[in-house]
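S.K.:
2 protein chains.
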Amino acid sequence: MNMKKYKLLLAYDGTHYVGWQIQPNGNSIQHILQETLSILLKENCIVIGAGRTDAGVHAIGQVAHFQTSYTGALLPLLKSLNGMLPHDIRVKLLEEVEDSFHARFSAKSKEYHYHLWLGDTIDPFFRLYRHHMRHSIDITLLRTALSRFVGRHDFRTFANVNTQIQSTIRTLYRIDLIEQEGGYRIEYEGEGFLYKMVRNITGTVLDIARGKRSLSELDSLFSAKDRRAIGIAAPAKGLFLQKVRY
Amino acid sequence: MNMKKYKLLLAYDGTHYVGWQIQPNGNSIQHILQETLSILLKENCIVIGAGRTDAGVHAIGQVAHFQTSYTGALLPLLKSLNGMLPHDIRVKLLEEVEDSFHARFSAKSKEYHYHLWLGDTIDPFFRLYRHHMRHSIDITLLRTALSRFVGRHDFRTFANVNTQIQSTIRTLYRIDLIEQEGGYRIEYEGEGFLYKMVRNITGTVLDIARGKRSLSELDSLFSAKDRRAIGIAAPAKGLFLQKVRY
Numbered sequence: 018m019n020m021k022k023y024k025l026l027l028a029y030d031g032t033h034y035v036g037w038q039i040q041p042n043g044n045s046i047q048h049i050l051q052e053t054l055s056i057l058l059k060e061n062c063i064v065i066g067a068g069r070t071d072a073g074v075h076a077i078g079q080v081a082h083f084q085t086s087y088t089g090a091l092l093p094l095l096k097s098l099n100g101m102l103p104h105d106i107r108v109k110l111l112e113e114v115e116d117s118f119h120a121r122f123s124a125k126s127k128e129y130h131y132h133l134w135l136g137d138t139i140d141p142f143f144r145l146y147r148h149h150m151r152h153s154i155d156i157t158l159l160r161t162a163l164s165r166f167v168g169r170h171d172f173r174t175f176a177n178v179n180t181q182i183q184s185t186i187r188t189l190y191r192i193d194l195i196e197q198e199g200g201y202r203i204e205y206e207g208e209g210f211l212y213k214m215v216r217n218i219t220g221t222v223l224d225i226a227r228g229k230r231s232l233s234e235l236d237s238l239f240s241a242k243d244r245r246a247i248g249i250a251a252p253a254k255g256l257f258l259q260k261v262r263y
Numbered sequence: 018m019n020m021k022k023y024k025l026l027l028a029y030d031g032t033h034y035v036g037w038q039i040q041p042n043g044n045s046i047q048h049i050l051q052e053t054l055s056i057l058l059k060e061n062c063i064v065i066g067a068g069r070t071d072a073g074v075h076a077i078g079q080v081a082h083f084q085t086s087y088t089g090a091l092l093p094l095l096k097s098l099n100g101m102l103p104h105d106i107r108v109k110l111l112e113e114v115e116d117s118f119h120a121r122f123s124a125k126s127k128e129y130h131y132h133l134w135l136g137d138t139i140d141p142f143f144r145l146y147r148h149h150m151r152h153s154i155d156i157t158l159l160r161t162a163l164s165r166f167v168g169r170h171d172f173r174t175f176a177n178v179n180t181q182i183q184s185t186i187r188t189l190y191r192i193d194l195i196e197q198e199g200g201y202r203i204e205y206e207g208e209g210f211l212y213k214m215v216r217n218i219t220g221t222v223l224d225i226a227r228g229k230r231s232l233s234e235l236d237s238l239f240s241a242k243d244r245r246a247i248g249i250a251a252p253a254k255g256l257f258l259q260k261v262r263y
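Chains A and B, in that order, are what the protein sequence lines are.
With positions in the first sequence counted from 1, the corresponding number in our numbering is that position plus 17.
With positions in the second sequence counted from 1, the corresponding number in our numbering is that position plus 17.
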């Protein structure tokens with residue numbers, strides 16, 4: 018049968034999900050998309066995402082692909098999808114792609130944003146989308162600590178991975194700290210990210226910025242190559258998968 | 018006993034509440050504030066709000082007052098309040114006011130914002146805070162229709178009130194239509210607003226802007242002085258009590 022390949026651009030509020038990836042128990046974004054597409058297309062449908070966002074992590078620009086024998090118009094399919102999906106998951110674009118396209122393996126870079134609220138009282142409309150830092154932090158120190166992560170490094174310390182996996186070397190192209198309402202956002206852009214890498218890096222630089230750990234420790238943290246060398250990851254709700262570039 | 022009067026500046030996400038005002042069944046903002054203050058202050062506490070927002074209506078700048086024999090520091094009280102209140106209600110400011118201050122009767126003007134999403138697919142992060150218009154609308158027509166409401170008018174047609182109440186004449190100082198991400202917001206500023214007046218006006222001008230009703234009907238709607246002359250109110254979730262001026 019002649020199968021076509023389609024690309025989805027997705028936004029979702031991760032608050033009520035166990036994350037992107039299908040889990041034995043709990044609602045995942047991937048599972049809901051697959052179920053909805055399978056009903057609409059009347060055939061089993063596998064959806065592959067660009068990045069596996071964790072429980073509570075949000076997406077503005079997640080990308081996914083699926084294959085189907087469906088050959089009908091795309092706009093009605095997009096509208097039916099959004100009509101059936103829960104309101105906290107939206108398909109922003111649906112388009113046909115080359116057979117060689119793969120949401121994960123074709124990605125050239127990914128961009129994650131981590132949002133911090135630094136004010137005393139967090140705006141209730143941001144309560145699910147910001148990490149509310151209750152300690153005062155040194156922004157200059159934060160900026161300096163972040164700059165240490167740009168470039169090609171072995172990020173093993175900053176990833177929740179077992180020792181079996183392949184290389185933990187990754188390249189971060191850019192990290193920017195940008196002021197915004199209520200605080201700052203950290204923009205991370207890189208070729209790829211290890212499991213929990215953004216939240217682990219963010220947790221570590223926040224520990225430095227609040228004086229819990231010193232900037233000079235960073236080198237030894239990198240060379241430790243052991244997740245246990247660092248503290249807790251920054252909370253999921255502050256993190257957004259912003260954009261995937263191909 | 019020497020009572021002091023305090024003013025609260027409040028923001029809340031109205032999604033999960035029956036509205037500001039205490040109702041026989043269901044959670045109201047006023048009830049939760051009174052319960053929380055009564056526990057903290059160890060005395061019965063009545064909280065009076067500037068405006069009675071409906072079920073599902075949000076607030077960025079609601080104002081309320083209460084009296085108490087408490088004479089302690091304010092910052093710890095503010096922090097305890099926010100510590101005990103649900104995360105969708107935040108107290109932004111707490112300050113002592115003159116005994117003559119009344120959150121409702123001392124208000125010089127109120128500002129409400131009504132937020133419209135006009136794009137095909139609503140950003141999931143705005144799903145509870147925008148009215149998603151699925152019909153295409155004529156912005157020039159919307160602007161013209163809105164301008165008809167500025168000034169001093171009898172708004173009886175646009176209020177859900179019984180005929181027993183006092184005057185339904187009110188003055189709207191300003192109505193602005195402002196472009197923003199995903200659509201527009203309508204800013205209403207006036208000396209005071211009748212029950213459901215903002216949502217009824219918004220529903221009516223949207224009916225005009227989408228061609229369901231003609232602009233020339235507006236005069237007869239005003240003179241009808243009957244709520245039944247107009248269509249349905251715009252949905253609560255698009256409405257924010259933005260600011261109360263004293």
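For each residue, glycine too, the CB sits at the ideal point set by N, CA and C.
Fair warning: this is a prediction, and the values are worked out from it, not measured in the lab.
List the residues that DSSP assigns as beta-bridge partners of Gln-197 of chain B.
M.R.: Looking at the DSSP assignment, Gln-197 of chain B forms a beta bridge with B:Gly-200.
S.K.: Based on the DSSP secondary-structure assignment, which residues constitute the bridge partners of Val-167 of chain B?
M.R.: Per DSSP, none; premise fails for Val-167 of chain B.
S.K.: If the cut is a Cβ gap below 9 Å, which residues of chain B does Asp-140 of chain A touch?
M.R.: The contacting residues are Ala-28, Ile-77, Arg-107, Lys-109.
S.K.: Measure the Cβ-Cβ separation of Arg-216 of chain B and Ala-250 of chain B and say whether it is below 8 Å.
M.R.: Yes, they are a contact pair.
S.K.: In whole angstroms, what is the alpha-carbon distance linking Glu-128 of chain B and His-33 of chain A?
M.R.: So the two alpha carbons sit approximately 33 Å from each other.
S.K.: Name the DSSP beta bridge partners of Arg-107 of chain B, please?
M.R.: The partner list for Arg-107 of chain B (beta bridge, DSSP) reads B:Ala-28.
S.K.: Apart from the five residues on each side of it in sequence, which residues of its chain come closer than 7 Å, Cβ to Cβ, to Arg-169 of chain B?
M.R.: Once the five neighbours on either side are set aside, the close Cβ partners of Arg-169 of chain B are Ile-186, Thr-188.
S.K.: Could you tell me whether the Cβ of Arg-151 of chain B comes closer than 8 Å to any Cβ of chain A?
M.R.: No, because no Cβ of chain A sits closer than 8 Å to the Cβ of Arg-151 of chain B.
S.K.: Got a sec: which bits of the stretch 74–105 of chain B sit with their beta carbon under 7 Å from any beta carbon on chain A, in order along the chain?
M.R.: Cβ contacts with chain A come from Asn-99, His-104, Asp-105.
S.K.: When Cβ atoms are compared, which residues of the stretch 142–175 of chain B fall closer than 8 Å to chain A?
M.R.: Per Cβ criterion, the list reads Phe-142, Arg-144, Tyr-146.
S.K.: Could you tell me whether the stretch 204–221 of chain A touches the stretch 233–252 of chain A, where touching means 3 or more Cβ pairs closer than 8 Å?
M.R.: The stretch 204–221 of chain A, when compared against the stretch 233–252 of chain A, does touch it at the 8 Å Cβ threshold.
S.K.: Based on Cα-Cα distance, which residue from B:Arg-147, B:Leu-194, B:Asp-105, B:Phe-142 lies nearest to Thr-138 of chain A?
M.R.: It is B:Asp-105 whose Cα lies nearest to the Cα of Thr-138 of chain A.
S.K.: Looking only at C-alpha atoms, which of A:Asp-155, A:Phe-210, A:Ser-153 sits nearest to Asp-16 of chain A?
M.R.: Beyond the ends of chain A as shown, which are 18 and 263, falls residue 16 of chain A; an answer cannot be given.
S.K.: If you draw a straight line from the alpha carbon of Gly-73 of chain B to that of Gly-31 of chain B, how long is it in whole angstroms?
M.R.: Cα to Cα, Gly-73 of chain B sits roughly 4 Å from Gly-31 of chain B.
S.K.: Identify whether Glu-115 of chain B lies in helix, strand or coil by the three-state DSSP scheme.
M.R.: Coil.
S.K.: I'd like the span of the alpha helix (DSSP H) that includes Ile-218 of chain A, first residue to last.
M.R.: Ile-218 of chain A -> alpha helix (DSSP H) spans 214–226.
S.K.: Give me whichever residues DSSP pairs with His-149 of chain A in a beta bridge.
M.R.: A:Trp-134.
S.K.: Start and end of the beta strand (DSSP E) containing Lys-266 of chain B?
M.R.: Not covered by the structure: residue 266 of chain B. The range shown for chain B is 18 to 263.
S.K.: Assuming Gln-79 of chain A contacts Met-20 of chain A (C-beta within less than 8 Å), just tell me the rounded distance between them.
M.R.: In fact, because the Cβ distance is near 22 Å, the residues do not count as touching under 8 Å.
S.K.: Indicate the three-state DSSP secondary structure (helix, strand or coil) for Arg-230 of chain B in the structure shown.
M.R.: In the structure shown, Arg-230 of chain B sits in coil (DSSP, three-state: anything other than H, G, I, E or B).
S.K.: Checking the sheet assignment: what are the DSSP bridge partners for Val-80 of chain A?
M.R.: Paired residue(s): A:Leu-26.
S.K.: Do the CB positions of Gly-220 of chain B and Phe-143 of chain B come within less than 8 Å of each other?
M.R.: Against a cut-off of 8 Å, the Cβ pair of Phe-143 of chain B and Gly-220 of chain B comes out as no contact.
S.K.: Under 6 Å Cβ to Cβ from Leu-50 of chain A, same chain only, skipping five residues before and after it: list those, please.
M.R.: Cβ within range, chain order: Val-64.
S.K.: What does a CB cutoff of less than 8 Å around Leu-107 of chain B pick up in its chain, not counting 5 residues either side in sequence?
M.R.: Note on identity: in this sequence residue 107 of chain B is Arg, with Leu being the wrong assignment. Same-chain partners within the cutoff: Leu-27, Ala-28, Tyr-29, Asn-99.
S.K.: Between which two residues does the alpha helix (DSSP H) carrying Met-20 of chain A extend?
M.R.: Taken as a continuous stretch (DSSP letters only), Met-20 of chain A belongs to no alpha helix (DSSP H), as it is neither H nor E.
S.K.: Which of the three DSSP states, helix, strand or coil, is assigned to Asp-243 of chain A?
M.R.: Here Asp-243 of chain A sits in coil by DSSP.
S.K.: For Ala-67 of chain B and Lys-109 of chain B, I'd like the C-alpha separation in whole angstroms.
M.R.: Their backbone Cα atoms lie some 15 Å apart in a straight line.
S.K.: Any idea which residues DSSP pairs Glu-128 of chain B with across the strands?
M.R.: BP columns for Glu-128 of chain B point to B:Glu-206, B:Lys-260.
S.K.: Report the rounded CA-to-CA distance for Glu-204 of chain A versus Ile-195 of chain A, giving the unit in angstroms.
M.R.: Using only the alpha carbons, I get a separation of about 8 Å.
S.K.: So which of B:Tyr-263, B:Leu-232, B:Leu-95 has the shortest CA-CA distance to Leu-163 of chain B?
M.R.: Ranking B:Tyr-263, B:Leu-232, B:Leu-95 by Cα distance to Leu-163 of chain B puts B:Leu-232 first.
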